[in-house]
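> First the structure, which I've put down as structure tokens, then a few questions once you've had a look.
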Ligand SMILES: [Mn+2]
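In structure tokens form, the structure reads like this:
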């Protein structure tokens, strides 16, 4: 049986809005208030952050704080790789979504011979590169780094040499690039996509299961379609950005978007996917309690997802 190891990563340097570093603590507060012993029961490892960098001037405008992001990627790999190699299950709670690039790197580097599949549950496609980003915020780039996708066809920026060198370093981290193939990526709930990202989705026909499809076909059917999409992969990672859920539920996240999944849909789908033992790792990101107008609701919903993940993984 694989043990669950909680990975605590409160890095927020790649978000555009401050406060996702508090997501982890907000989830812990939710656990205390709901008498849930998740944070007592399981071993946790802590990823040291670089959050002091938010005070400094930005040099790399098309990949803000990329030096810090490289450090975080490396620390995540160092932290998670041994957990995965031991056969344990990393349950990662992160601040901003850039860290998922480090998580995918860790999974690939732990099993270099195996084909990695990713289910990306998010309002956004996170497919930007320094060449296409409108904001320079690197929480919009983790998938491009894993896919090693510069998307030069859609280039709108001219990043400085330092940015290019550091971006290349990030893509090649650990000596394997790409870490993920476009045909092994599935989106769920993506609905706020910029033109350069849409071009990638179209170019490679990356599936995206929307709210409408979930409502029409049901969670079981969508889960089986996702398994069909990922049938040739051997190890799978689920990345759950809480902004995949509808902003009417809670705005406690950096970039909330309308017409998202219900909490029930998100959790049911995650549970269904986790029944497959190929799923080796789960991550929840982007809880920002400073933006929550409903007390600590987003963190409470994230906690609910975490508890369900634990139940399924322990039962399989
Ligand atoms: Mn995201």
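Numbering (the working numbering), first residue to last: 34 to 349. Note that beta-carbon positions come from the ideal geometry of N, C-alpha and C, so glycine has one too.
Would you say residue 157 touches ligand 1, meaning its beta carbon is less than 6 Å from a heavy atom?
If you number the chain shown from 1, residue 157 lands on position 124. Under cutoff, so the answer is yes.
> Roughly how many angstroms lie between the CA atoms of residue 323 and residue 101, to the nearest whole one?
Position 290 of the chain shown, counted from the start, is the residue given in the question as residue 323. Position 68 of the chain shown, counted from the start, is the residue given in the question as residue 101. Roughly 23 Å separates the two Cα atoms.
> Over what stretch of residues does the beta strand (DSSP E) that includes residue 260 continue unbroken?
Counting from one through the chain shown, the residue named residue 260 turns up at place 227. First-last for residue 260: 252 to 262, but that is the alpha helix (DSSP H), not the beta strand (DSSP E).
> State yes or no: is the C-beta of residue 274 nearer than 6 Å to some heavy atom of ligand 1?
Looking up residue 274 in the chain shown gives position 241. It does: the Cβ of residue 274 is within 6 Å (strictly closer) of some heavy atom of ligand 1.
> For residue 170, which residues from the same chain have a beta carbon less than 7 Å from its beta carbon, with the 5 sequence-adjacent residues on both sides left out?
By one-based count along the chain shown, residue 170 stands at place 137. Excluding residues within five positions, the ones whose Cβ falls inside 7 Å are 47, 48, 49, 97.
> By a C-beta neighbour count over all protein chains shown, 10 Å radius and 16 as the cutoff for buried, is residue 200 buried or exposed?
Counted from its first residue, the chain shown places residue 200 at position 167. Under this definition residue 200 is a buried residue.
> With distances taken between CB atoms, is the gap from residue 332 to residue 59 smaller than 7 Å?
Counting from 1 along the chain shown, the entry for residue 332 is found at position 299. Counting from 1 along the chain shown, the entry for residue 59 is found at position 26. Cβ distance < 7 Å, so residue 332 and residue 59 count as in contact.
> Decide if residue 41 is buried, meaning its Cβ has at least 16 other Cβ atoms within 10 Å, or exposed.
Your numbering for residue 41 matches position 8 in the chain shown. Buried: at least 16 other Cβ atoms inside 10 Å.
> Indicate the three-state DSSP secondary structure (helix, strand or coil) for residue 124 in the structure shown.
Taking the first residue of the chain shown as position 1, residue 124 is located at position 91. Strand.
> In whole angstroms, give me the CA-to-CA distance for residue 223 and residue 72.
In the chain shown, the residue the question calls residue 223 occupies position 190. In the chain shown, the residue the question calls residue 72 occupies position 39. Answer to the nearest angstrom: the Cα atoms are 30 Å apart.
> Please determine whether the Cβ atom of residue 130 lies at a distance below 6 Å from any heavy atom of ligand 1.
Position 97 of the chain shown, counted from the first residue, corresponds to residue 130. Yes - ligand 1 has a heavy atom lying nearer than 6 Å to the Cβ of residue 130.
> Using only the alpha-carbon positions, how far apart do residue 212 and residue 153 sit?
As a working mapping, residue 212 is identified with position 179 in the chain shown. As a working mapping, residue 153 is identified with position 120 in the chain shown. Taking the straight line from one Cα to the other gives about 15 Å.
> Ordered along the chain, which non-local residues of its own chain (more than five positions away) have a Cβ less than 7 Å from that of residue 147?
Within the chain shown, residue 147 is the residue found at index 114, counting from 1. Excluding sequence neighbours, residue 147 sits near 267, 268.
> What is the C-beta distance between residue 119 and residue 336, in whole angstroms, given that I count them as a contact (C-beta under 8 Å)?
Within the chain shown, residue 119 is the residue found at index 86, counting from 1. Within the chain shown, residue 336 is the residue found at index 303, counting from 1. With 8 Å as the limit, residue 119 and residue 336 do not qualify as a contact, their Cβ atoms being about 26 Å apart.
> In the DSSP assignment, the alpha helix (DSSP H) including residue 318 goes from what residue to what residue?
Here the question's residue 318 lines up with position 285 in the chain shown. That residue, residue 318, is in no alpha helix (DSSP H); its beta strand (DSSP E) goes 312 to 318.
> If you draw a straight line from the alpha carbon of residue 294 to that of residue 194, how long is it in whole angstroms?
In the chain shown, counting from the first residue as 1, residue 294 sits at position 261. In the chain shown, counting from the first residue as 1, residue 194 sits at position 161. If I take the Cα positions, the gap works out to 40 Å.
> Along the chain, where does the alpha helix (DSSP H) that runs through residue 41 open and close?
Residue mapping note: residue 41 aligns to position 8 of the chain shown, counting from 1. Per DSSP, residue 41 belongs to no alpha helix (DSSP H); it is in the beta strand (DSSP E), 37 to 42.
> In three-state terms, what does DSSP make of residue 231?
What you label residue 231 is simply residue 198 of the chain shown in a count that begins at 1. In this structure, residue 231 counts as helix in the three-state DSSP scheme.
> Using a Cβ-Cβ cutoff of less than 7 Å, which residues in the same chain neighbour residue 180 once the five nearest sequence positions on both sides are dropped?
The count along the chain shown starts at 1 and reaches residue 180 at position 147. If we look at residue 180 and ignore the five residues flanking it on each side, its Cβ neighbours are 211, 213, 215.
> Relative to the alpha-carbon of residue 92, which residue among 197, 177, 343, 128 has its alpha-carbon at the smallest distance?
The residue labelled residue 92 in the question sits at position 59 within the chain shown. Residue 92 has its Cα closest to that of 197, out of 197, 177, 343, 128.
> With a cut-off of 8 Å on the beta carbons, I'd call residue 163 and residue 95 a contact; round off their distance for me.
Here residue 163 refers to the residue found at position 130 when the chain shown is read from its first residue. Here residue 95 refers to the residue found at position 62 when the chain shown is read from its first residue. The Cβ separation is near 4 Å, so the contact holds.
> Please state whether DSSP places residue 144 in a helix, a strand or coil.
Taking the first residue of the chain shown as position 1, residue 144 is located at position 111. The answer is coil: DSSP assigns residue 144 none of H, G, I, E or B.
> Looking only at C-alpha atoms, which of 77, 271, 89 sits nearest to residue 116?
Residue numbering aside, residue 116 sits at position 83 when the chain shown is read from its first letter. Minimum Cα distance to residue 116 is reached at 77.
> Sorted by chain position, which residues of the same chain lie with C-beta nearer than 8 Å to residue 110's C-beta, five sequence neighbours on each side aside?
Indexing the chain shown from 1 puts residue 110 at position 77. Correct list, in chain order: 135, 138, 139, 142, 206, 207.
> Would you kindly check if the distance between the Cβ of residue 318 and the Cβ of residue 265 is under 7 Å?
As a position in the chain shown, residue 265 is number 232, starting the count at 1. As a position in the chain shown, residue 318 is number 285, starting the count at 1. Cβ distance not < 7 Å, so residue 265 and residue 318 don't count as in contact.
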